[in-house]
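Only one structure is covered here, and it is reproduced in the block below.
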Amino acid sequence: MNKIIFYEDRNFQGRSFETSNDCPELNSFLSRCSSCRVESGCFMVYDRSNFLGNQFFARRGEYSDCKRLGLSDSIRSCRIIPQHRGAFRLRIYERENFGGMMHELTDDCESMTERYRLAEMRSCHVMDGHWLMYEQPQYRGRMMYLRPGEYRSFRDMGFRFSSMRRIMDLCN
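Its first residue numbered 13, the sequence shown is counted upward by one per residue in my numbering.
Written out as structure tokens, the structure is:
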């Protein structure tokens, strides 16, 4: 069972709201959300409604100040990351709409440039598993959660990826 508790103020103060589901709009329950505690499972928390804006991967633990997570002034939505058991498979493409050179990944990649000599990836197809994509090599910088599906254009998202990691066995 997944469970996350949001608090209006930093350091787990003020009113709280608890959920075990995706929540596209936390402002319906709290006027602001400045801290959270994940009691079980894994979640992506977002600083904009409807799973948009800056994202942070939150696993079991306490997060006393959303600004320290790289988010703006408030957490506004959250999404459960389901536990995945099995193979991981992701195809990355150098051009939009799955064009150009293609590389298939089944494990983490610290640096796309070093491994594939690929300066930029413009689209991808997540076939199996759940992945975190990072703006910088060695899993640093802003991140984005990708679940199974087709992602035809990263240019529209305003995000460039340099490293990627599977989400596995972290959500206990």
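Virtual Cβ for every residue (Gly too), placed ideally from N, Cα, C. All figures in this text were calculated on a predicted structure; none of them were measured in a lab.
Reference residue i, options the options, closest by Cα
i, options, result
"Q150", "V57, E126, L102 and H142", "E126"
"I93", "L81, R71 and L83", "R71"
"A99", "R49, G53 and W143", "W143"
"V57", "R27, N109 and K15", "K15"
"P135", "F166, R159 and L38", "Checking the sequence shown, residue 135 turns out to be Ser, not Pro. Comparing Cα positions, the closest option is F166."
"N33", "E132, S46, S43 and V50", "V50"
Three-state class that DSSP yields for residue i in the structure shown
i, result
"D140", "strand"
"C45", "coil"
"F110", "helix"
"R72", "coil"
"Y128", "helix"
"N14", "coil"
"S40", "helix"
Inter-residue CB distance, residue i and residue j (contact presumed, cutoff 8 Å)
i, j, result
"M180", "H96", "7 Å"
"R22", "R60", "So it is not a contact: roughly 19 Å between Cβ atoms."
"F55", "R91", "7 Å"
Alpha-carbon spacing of residue i relative to residue j, whole angstroms
i, j, result
"M145", "Y105", "14 Å"
"L130", "D140", "22 Å"
"N66", "D77", "15 Å"
"E30", "L102", "33 Å"
"Q148", "S174", "5 Å"
"D26", "E20", "Asp is not the amino acid found at residue 26; the sequence shown has Gly there. Rounded to the nearest angstrom, the two C-alpha atoms are 5 Å apart."
"S52", "G73", "8 Å"
Bridge partners - residue i, DSSP secondary structure assignment
i, result
"S89", "Y58"
"C35", "C90"
"Q95", "Q95 pairs with nothing; no bridge assigned."
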